[in-house]
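Protein chains in written order, with our numbering: chain D, 113 to 187; chain F, -7 to 303.
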């Protein structure tokens, strides 16, 4: 199954909510003027938020998608 | 059934001489390709490549020298080339750092769909398998000719990524990519995802009949994508560069060559116990890459029957 880990660097995030607007699957909410990826299970890895973020604060890493492949590497 | 022509520049050096080395063979391949009839003076040529990952951990992408040879060839035919990739301006700047700039490749790099991925053209897909409408990047949509210059390698979602994936995910916008990635939830073997990619390919090439050349760079065949922030050693020895107007024939020929090759010692291929003849990416990623090839064939995008023509 698919799955991505979404991280927002709070020290860079200015709370502009462009990620919130760009995300087709409503991964983000804005709490205290910071973006928080509360709904990570909905992320499909399209990177629309990464492209939009003016602060370069968002990182997306595949999680389960590498599950089969990860067996070749030490954890 | 007629056999589709797939040109093949072999990486192996047969004799000591520059004309037997891959850059010179690649020039020869381009001369024998249909580009001479596709490119008319003044036409604008989009060259879609993958410029590498955003974090500079991956390094096994297409060597700029080969892009340069292609760009020079286009200029010789009086065409106007540009190189292009997706993810907006940020990725283009990363590409410049990764070695794809005017000095190295001889032309500029432009984002496929504008600085923030908003310059898109909606295209209805004929007889869709999964996705009825795709958003195509305007730089590719409005180009006269598309040269789909892909790096063949493994990928965790469809098992393998080459010519089909390069334009399915690389020439479309975030909504289309999202729709295709959503299909990963449908099954374990990547069938829905790969059929979604093929719909996207159909949408991208629809306004360019006889004006798309597909090229697979079958070198540094690493186990995962150029977008991953890492590279591992290739699973098979370098094979070469293949090109065809027929994307189905090209992808099948590429997969067949990768699968018939021996594995590189200490690579993931060896760790997985792969042998010549194994469907290598199916075993590594659990996704059968031939699904995308057969889906493209079913959609009428090409022939499964090919003739490999060595240059």
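Here a beta-carbon is modelled for each residue, glycine too, at the ideal position from N, C-alpha and C.
| query | result |
| --- | --- |
| Residue 322/F (DSSP reduced to helix, strand or coil) | With chain F covering -7 to 303 only, the question about residue 322/F has no answer from this structure. |
| Top-ranked residue by Cα proximity to residue 142/F, from 213/F, 114/F and 66/F | 213/F |
| Residues of the region 157 to 185 of chain F with Cβ closer than 7 Å to any Cβ of chain D, in chain order | 166, 167, 169, 170, 173, 174, 176 and 177 |
| Counterpart residues of residue 119/D in DSSP-defined beta bridges | 171/D |
| Beta-carbon spacing of residue 361/F, residue -1/F below 8 Å | Lying outside -7 to 303, the shown extent of chain F, residue 361/F is not represented and no answer is given. |
| 8 Å Cβ cutoff met for residue 188/D and residue 157/D | Nothing in the structure corresponds to residue 188/D, since chain D is present only between 113 and 187. |
| Residue 6/F, DSSP secondary structure in three states | coil |
| Below-8 Å beta-carbon distance, residue 136/D vs any chain F residue | yes |
| Residue 80/F: contacting residues in chain D (beta-carbon distance under 8 Å) | 163 |
| Selection from 183/D, 155/D, 128/D and 187/D that minimises the alpha carbon distance to residue 147/D | 128/D |
| Alpha-carbon spacing of residue 306/F relative to residue 269/F, whole angstroms | In this structure chain F extends from -7 to 303, so residue 306/F is not present and cannot be described. |
| Reduced DSSP category for residue 134/F - H, G, I as helix; E, B as strand; rest coil | coil |
| Distance between residue -3/F and residue 301/F (C-alpha atoms, nearest Å) | 7 Å |
| Nearest-angstrom Cβ-Cβ length linking residue 103/F and residue 84/F, presumed shorter than 8 Å | 5 Å |
| Simplified DSSP assignment, three categories, for residue 56/F | helix |
| Proximal chain D residues relative to residue 108/F, where beta-carbon distance stays under 7 Å | 163 and 164 |
| Neighbour list for residue 263/F in chain D, Cβ cutoff strictly below 7 Å | 184 |
| Local Cβ density within 10 Å of residue 49/F, reported as buried at 16 or more and exposed below that | exposed |
| Beta-carbon proximity check, residue 66/F vs residue 135/F, cutoff 8 Å | no |
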